[in-house]
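Numbering (mature numbering (1 follows the signal peptide of the UniProt record, and there is no 0)), first residue to last: -20 to -1, 1 to 131. The C-beta atom is built at its ideal place from N, Cα and C for all residues, glycine as well. Remember, predicted model here, so these are calculated numbers, not experimental data.
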């Protein structure tokens, strides 16, 4: 009987231990690819090397206190970051597929390096502000890769 209770207790400890809360750290890699015609845009992969505590730049507004957030932009800016040059989607001839393949190879290299360091891709989010015809010289394609790893 004692042996059975001991086995049940061990099984319960093992079972409940498998649901322990995991703590993760996150890293964001942002890829900005220019879709400005004639190749005049700038494309980069950006990774911050500094952290910021969002609480330092957050205010809570209410009916009683509706004052605006007065955080100093200079305190928010991050000066320590990795900037990897990428190629633009367009050149004088239009869409440059070799540039897209080159950017994919560089981003893949970053992802493989991070995977080797224990990072796991958790989310991908992208958005575009595209060229909308004559007179519109704006356009970027932004992708954010959000990685996590156990602490």
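Proximity test, Cβ basis, 8 Å: residue i and chain C
| i | result |
| --- | --- |
| residue 39 | Structure shown: chain C not included; a single protein chain is present. |
Per-residue burial, residue i [other beta carbons within 10 Å of its own, 16 or more giving buried]
| i | result |
| --- | --- |
| residue 13 | buried |
| residue 104 | exposed |
C-alpha gap between residue i and residue j, whole angstroms
| i | j | result |
| --- | --- | --- |
| residue 94 | residue 47 | 42 Å |
| residue 99 | residue 43 | 43 Å |
| residue 129 | residue 15 | 33 Å |
| residue -12 | residue 6 | Because the pLDDT of residue -12 is 49, which lies under 50, any placement of that residue in the model is unreliable, and the number read from its coordinates should be weighed accordingly. Distance between the alpha carbons of residue -12 and residue 6: 36 Å. |
| residue 68 | residue 118 | 13 Å |
| residue 75 | residue 24 | 17 Å |
| residue 22 | residue 126 | 22 Å |
Those residues which DSSP pairs with residue i across a bridge
| i | result |
| --- | --- |
| residue 130 | 4 |
| residue 103 | 126 |
| residue 16 | Partner(s): none; residue 16 has no beta bridge. |
Contacting residues, own chain, Cβ-Cβ under 6 Å from residue i (five flanking each side not counted)
| i | result |
| --- | --- |
| residue 62 | 27 |
#### Entry: Complete alpha helix (DSSP H) runs within the stretch 41 to 88 (minimum length 4 residues, chain order)
Entirely contained in the stretch 41 to 88, the alpha helix (DSSP H) runs reaching 4 residues are, in chain order, 53 to 56.
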